[in-house]
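What follows is a short report on a single structure.
In this note's numbering, the protein residues as written are 35 to 1006.
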């Protein structure tokens, strides 16, 4: 029987790439067989023939049951096997490298798009799904290409195409996120489309490689099963290596853009290797594509600092034998030149749209997020810095006032902290050494302070409210002390003009300003004015007051303040470390200020750019790690050493707009409860949309306004006045042209905030267009009238025309607005059957009232907004008996995206005496207390909790991102 080896590609195994070995050709071999039975047909050729022996002689062994090959035959077998093994090693290397590239790109994809759409569950789901879909379709295409006449040539081309599509990610990452999301596309679908446009093609191209490699490997081997197993195994190993290499090392060390360029270059090199026998192809790839790739890669990644560093290394290498002076000069000049060149490359990359990292800013990519620190101006003209992680700003920092609180939720935190820890729970004492005028000072102490002359001790009563500035003014040198403190406040403001002065009529005898601070602080004895010429920092103030007679009184006040104002605190999430610094400055007696920060790179950025000192210069103790792990560590430390308890735990950890789900569960709340002191409070800020449901409309209305100008739609010059023009992406919005530049704008139904903002964004520079759209949106949102009389029990006082006002207790969940001659009504949260029946009972015979409330209750059952806030509150209430919910807005929370503060405590808190902080002052809009098994709610708590529909967040089920979908819809 005669047979020939099968061809792997283009006429045999000789076409295999030379680095992967070559399978030796074999000649025909003839075997002597017995006569075939009569029923047999022609002999079937075997899959692969064995190499022939030199003659047909055989040696019998064991009764003629086998043949023993000669030595020459054994050598041919070995040579044949070596060729198969070498080829298999090559194919395994191909699928290994391809799988590494696929997983590297997949992990990098989530980081790249995270800057634009956040790192929510929708982002990760879209990345994984799109990459898998690309690989699936690529596998199908690769299978088709593997059956063509020249699969090895197809393989080289697929590597080149994969390299090109990976390279395109650098541009698409800047272009695609700039698109405007149509109103008809939901946020999850928009995330999916964004990821698909950027990453589908490279995933598809790389997915086509494996089937071609598998086909070539099988056709080059006599053992199909072993060959396929090897290819699959090495592909899986490549995926594993790519996953760990990228996640644990590459992103943190090089950043996403550099990794994308590295993947593209790796794939291009593989194309060169595969196409070893195609010189024209290799020259084109090496001298054309690779050059362009390396150039654009550099434009996308090189910065001023990186080029300066590289130039410095080069200078050190070249100048190893130089003298020190020449070495230093070379190093300085080369670094300067490298920095200048790097800046020019950076600017060109920005111009070409290959990057978005603006020069002069802080940029870093860690294992957790993209970190950016930029400088900007506040609304009042102050220079501020902000910390941005991925696409979300986490902190504002004022260099002239590091403890300034800009976020409203921070002001809520501050007001609650001052309310609960502004004074000591026990008597606080301090010694006051003698100084001129001490007897007169202690004779005029305010209420809450007592003086014991026998022991020279000053005592502060529990919960006493103290004006520390007024106490310092009691000293004989109080005028000077107050003046220096005032100059300190004035001169450290961002808008300070460089000079301030305060009148001081009475100076201590022999008072002089130390020479070391004379450039900053001066006194004009003629004008009797104390002037600041430079910022009067805390150190300058200490030096100025160091020699005055009343210094013992200043020290006593500092000690008394430190003992009375203390708040041991744990922060879940550090961000810009603004509030921890506020605690440190305003509660000097605090011994524990622990911050659980997940990302060490964030801590490094805050220390480098936002002025956070390092221990021991600060009492803030940053504990790096996931907050849940840090809490577990603290519990173990508390069990071992005993006594770790916090007065406050502040929750401020975010992943995009959502709190990480494992920090919202009942199990985590139990751990926080164990860390709190008996009077401790757990404060958490969350983002959600607290819904307002208006009285049902009898029909959908259409509103119309007139616009005089050029609408921001292409081709408007061609419109005629014969009909309404629909607008793509805005199905309920229409325009009609009446004159040269006169248009009617029409909207049917209630215009959502997101639609209004998108319409305004179309004509961002057109003020008239934006104002007209705002008027149309306002008209569309005019709530319907009740159509019946309003029960007197629901009428608030005072009542305004344009503002929703909460009804009197116990119906705070109802809001009323004046509408023409009548009233409009809305409910917050969800209308439970009990709440609905209580409202119906106000006018039980009024069918319009009753039917309207029934329809209103049915509408609130469909609500998806506010469910995370409600479920989180209900979850915390299972652990903490006392809950209060605040809006960061002054007054009632609005019905768009808002920040809420939840206060959970072990003991009841009197919120009625809660003071103000800065421009924020309000009361909780919902509270609930459980005492002896009986729960009492106030405000809107009952309607808020109705939104939960029984959901309690646990380690087994906490769908946080799904609950926050209404918030993610506001991403634009």
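Heads up, the beta-carbon is just placed ideally off N, CA and C, and yes, glycines get one too.
Scanning 264, 886 and 374 for the CA closest to the CA of residue 874 turns up 886.
Under the three-state reduction of DSSP output, residue 461 falls in the coil class, being neither helix nor strand. By the Cβ rule, the region 667–682 does not count as touching the region 719–739, because fewer than three pairs are nearer than 8 Å. Residue range 155–180 is occupied by the alpha helix (DSSP H) that includes residue 165. In the structure shown, the three-state DSSP call for residue 330 is helix. With a 10 Å radius around the Cβ and a threshold of 16 neighbouring Cβ atoms, residue 406 comes out buried. DSSP, reduced to helix, strand and coil, places residue 816 outside both helices and strands of the structure shown, so it counts as coil. Residue pairing from DSSP places residue 535 in a beta bridge opposite 565.
Under a 10 Å Cβ-count criterion, residue 857 is classified as buried, with 16 or more other Cβ atoms of the shown protein chains found around its own Cβ. About 5 Å separates the beta carbon of residue 640 from that of residue 646, a gap short enough to meet the 8 Å contact definition. A residue is called buried when at least 16 other Cβ atoms come within 10 angstroms of its Cβ; residue 150 meets this threshold and is buried.
Inclusion of residue 636 and residue 423 in the CB contact set at 9 Å is warranted, their separation being smaller than that value.
Judged by DSSP in its simplified three-state form, residue 605 adopts strand. Judged by beta-carbon spacing, residue 546 lies beyond the 9 Å limit of residue 596, meaning their Cβ atoms are not closer than that value. In the DSSP assignment, residue 701 falls within the unbroken alpha helix (DSSP H) covering 700–709. By the neighbour-count criterion, in which a residue is buried when 16 or more other Cβ atoms sit within 10 angstroms of its Cβ, residue 919 is buried.
For residue 414 and residue 320, the gap between their C-alpha atoms comes out near 56 Å. The beta carbon of residue 970 lies closer than 6 Å to those of 963 in the same chain, with the five residues before and after it left out.
A direct Cα-Cα distance of roughly 44 Å separates residue 261 from residue 659. In this model, residue 648 and residue 807 are separated by some 51 Å (Cα to Cα). Between residue 876 and residue 825, the gap from beta carbon to beta carbon is short of 9 Å. Under the three-state reduction of DSSP output, residue 753 falls in the coil class, being neither helix nor strand. With fewer than 16 other CB atoms across the displayed protein chains lying within 10 angstroms of its CB, residue 879 is exposed. Fully contained in the region 616–643 are the following beta strand (DSSP E) runs of length 3 or more, in chain order: 627–631. Comparing C-alpha distances from residue 685 to each of 701, 715 and 666 shows the shortest one belongs to 715. Secondary structure note for residue 369: it is in no beta strand (DSSP E), and the uninterrupted alpha helix (DSSP H) holding it is 358–385. In the DSSP secondary-structure assignment, residue 760 is bridged to 768.
Around the beta carbon of residue 268, a 10 Å sphere encloses 16 or more other beta carbons of the protein chains shown; the residue is thus reported as buried. Residue pairing from DSSP leaves residue 199 without any beta-bridge partner. For the pair residue 653 and residue 620, the CB atoms are not nearer than the 9 Å cut-off.
When the five nearest sequence neighbours on each side are left out, the beta carbons in the same chain lying within less than 7 Å of the beta carbon of residue 122 are those of 251, 255, 261 and 264, in order along the chain.
For residue 590 against residue 466, the beta-carbon gap comes to about 4 Å, under 8 Å, which counts as contact. Assignment of beta-bridge partners to residue 972 by DSSP yields 961. As the crow flies, the alpha-carbon of residue 688 is around 15 Å from that of residue 441. Residue 203 sits close to residue 294, with the two beta carbons spaced by under 9 Å. In this structure, residue 241 and residue 170 form a Cβ contact; the two beta carbons are roughly 7 Å apart against a cut-off of 8 Å.
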